[in-house]
Amino acid sequence: MTGANWESTPDGRPGWLQWLLQQGWNLYLCDAVERGRSGWSPVPEVWPQPPLFRTKNEAWQMFRIGPSDGYHQDPQQRQAFGDSRFPLHVFDYFACQWVPRWSGHEAITLSAYHALLDSIGGPCIIIGHSQGGGFALQMAVQRPQSVLAVVALEPSGAPQCADLNHAIPPHLVLWGDHFDQHAVWQDYRSTVANHLAKLRRRGIRVDEIDLPQRGIHGNSHFLMLDNNAQQLLTEVTTWLLTL
């Protein structure tokens, strides 16, 4: 995925980027190493492994748009979750945004984010989604002096660290729906929960928004693209203004 996910939704609604700019926030929208505008290095001269490509069938399940057997090449025969908030009629357009990705680039990606924080200069708020949410959690631990707060939308990972003996900024984590349909996401969420529990024991402010527990059902993995994306952004900005 790329920064395009924040610019607009697949069905043409303004993305979180547009809403935040209208509210007066100063933003940096970046693409990770080997994603989107960051470009690629030669393969196999620099990156020895071939890229990975996500299929529509895999995405339908992984992004919790529908059940594991719900994807069909014919859009009319696809089965989504009955309460899905994802704009189903533009799923194929959404797939056109997907880019190849490489495994094993976590270290160089994190290094690039360190360099970005250095270039910004002052402390900032980091908003990340999925793998990017995991990187955001890592940056909060590794560079707490550069981070005012972290907002992680369904992070797919968390730092593996024992040293939390320093000031760490506040965290807000949001979760969508239908985790019971996907064992991989249950594992991801468990990993993140363990990390957040460590932060809480250290007295760090950690807030979680479990949308179904609030009576908000049907959100996919892509909270910022679902049909209630603006409502969710209001939850985020309201939280930020309490800091």
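For the record, in the sequence shown the residue sitting at position 198 is 208 according to our numbering, with numbers rising by one throughout. The beta-carbon is built from N, C-alpha and C at its ideal position, and this holds for glycine as well.
Quick one: what does DSSP say residue 116 is sitting in, helix, strand or coil?
For the purposes of this step, residue 116 is identified with residue 106 of the sequence shown, where counting begins at 1. Of the three classes helix, strand and coil, the one that applies to residue 116 here is helix, per DSSP.
What are the uninterrupted segments assigned as alpha helix (DSSP H) that are 4 or more residues long and contained completely in the stretch 52-115, given in chain order?
66-72 and 101-105
By how many angstroms is the C-alpha of residue 43 removed from the C-alpha of residue 111?
Your numbering for residue 111 matches position 101 in the sequence shown. Your numbering for residue 43 matches position 33 in the sequence shown. In a straight line, the C-alpha of residue 111 is about 9 angstroms away from that of residue 43.
Just to confirm, are residue 135 and residue 149 a CB contact at a threshold of 7 angstroms?
If you number the sequence shown from 1, residue 135 lands on position 125. If you number the sequence shown from 1, residue 149 lands on position 139. For residue 135 and residue 149, no; Cβs fall outside 7 angstroms.
Do residue 231 and residue 64 have their C-beta atoms within less than 7 angstroms of each other?
Numbered from its first residue, the sequence shown carries residue 231 at position 221. Numbered from its first residue, the sequence shown carries residue 64 at position 54. No, these two residues do not count as a Cβ contact at 7 angstroms.
What residue does the beta strand (DSSP E) around residue 138 start on, and which one ends it?
The sequence position of residue 138 within the sequence shown is 128, counting from 1. For residue 138, the enclosing beta strand (DSSP E) covers residues 134-139.
Looking at residue 220 and residue 96, is the spacing between their C-beta atoms short of 7 angstroms?
As a first step, residue 96 must be located in the sequence shown, where it is residue number 86. As a first step, residue 220 must be located in the sequence shown, where it is residue number 210. Cβ atoms of residue 96 and residue 220: not closer than 7 angstroms.
With a cut-off of 7 angstroms, does the C-beta of residue 144 fall near any C-beta of chain C?
Among the protein chains of the structure shown there is no chain C, as only one such chain exists.
Judging by CA-CA distance, which residue of 193, 17 and 18 is the nearest neighbour of residue 72?
Numbered from its first residue, the sequence shown carries residue 72 at position 62. When each option's Cα is compared against that of residue 72, the closest is 193.
Since residue 107 and residue 14 are thought to touch, with beta carbons under 8 angstroms apart, how far apart are those beta carbons, to the nearest angstrom?
Working through the sequence shown from its first residue, we reach residue 107 at position 97. Working through the sequence shown from its first residue, we reach residue 14 at position 4. The distance from the Cβ of residue 107 to that of residue 14 is about 5 angstroms, consistent with a contact at the 8 angstroms cut-off.
Identify whether residue 193 lies in helix, strand or coil by the three-state DSSP scheme.
Taking the first residue of the sequence shown as 1, we reach residue 193 at position 183. Helix.
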